[in-house]
Every structure is written in structure tokens, then in C-alpha cells.
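So in full-length UniProt numbering, spot 82 of the sequence shown is number 82, and the numbers just go up one at a time. Beta carbons are placed, not taken as given, at the ideal position from N, Cα and C, and that holds for glycine. Here the structure is a predicted model, which means the values were calculated and not measured. For reference, the structure discussed in these notes is given below.
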Amino acid sequence: ADEFSGAVLIAKHGQVLFESVCGEASQRYHVPNKLDTKFNIASVGKMFTAVAIAQLVQAGRLSYDDTLDKFLDASWLPVAVSKRITVSQLLNHTSGLPEFLSRAKARHSS
Numbered sequence: 001a002d003e004f005s006g007a008v009l010i011a012k013h014g015q016v017l018f019e020s021v022c023g024e025a026s027q028r029y030h031v032p033n034k035l036d037t038k039f040n041i042a043s044v045g046k047m048f049t050a051v052a053i054a055q056l057v058q059a060g061r062l063s064y065d066d067t068l069d070k071f072l073d074a075s076w077l078p079v080a081v082s083k084r085i086t087v088s089q090l091l092n093h094t095s096g097l098p099e100f101l102s103r104a105k106a107r108h109s110s
């Protein structure tokens, strides 16, 4: 159980140089990993998102101070809410968005 279980892909300029899988997708049922196995990456996506946002800020395509109303219309999030939430707050997990969405869901389910 201490061995690596997953997939490795190395690419350069869009060209795959190496790909390999090992281990099991399900240790309980002994299902081997395959190249098309879906993996739960949990919070790893947060790091990739933060780096992508930093690159967009560096390129001048957005600012940490931009508010969500710049990117989302009212069908996604009420403007009164989206005007108060910044990119920086999302990255720092201080937007209050989860609480807002939980309250909105509770209102619609009653």
C-alpha cells in the first residue's frame, strides 16, 4: 500500500514524451489503473487555479481586485452579490460565497 498508484504523463510543447500507469483504481476490487482512469484530485486543483490566476494577473488580463460581476452575469449570481466578491477573496477563501449559496439553496428548497 506504500507504492505509488496513479498515472504519469510527460509532455513538451503538446507532444507526449512518456505516459504510464501503475497501481489500482480500486484496491478493494483489484481494478488496475488505466490511461483513461479518472482520479479524484481533491484540493490540488486549488493550486493550479491560483497559478493560472497569477499568470492572468501578470499578463494584465485581470486584477486581483476585479469583482465577479465582470465575469458572471446575473443568471449565475445576483449582481448585488457578484459586485462585492473579488478574485482575491475567492483565492483566499474569504468571499463568503459558500455561505451565500447554502442560504440560497435552503430558501429554494423550502
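Per DSSP, the bridge partner or partners of residue i
i: G6; result: C22
i: V31; result: S26
Environment of residue i [buried if 16+ CB atoms lie within 10 Å]
i: V81; result: buried
i: L62; result: exposed
i: L9; result: exposed
i: L77; result: buried
For residue j and residue i, the rounded distance between their alpha carbons
i: Y64; j: T86; result: 7 Å
i: S43; j: Q27; result: 22 Å
i: D73; j: Y29; result: 45 Å
i: N92; j: F4; result: 31 Å
i: K70; j: P98; result: 19 Å
Proximity of residue i and residue j at Cβ, strictly below 7 Å
i: K83; j: T94; result: no
i: A25; j: T37; result: yes
i: A11; j: V21; result: no
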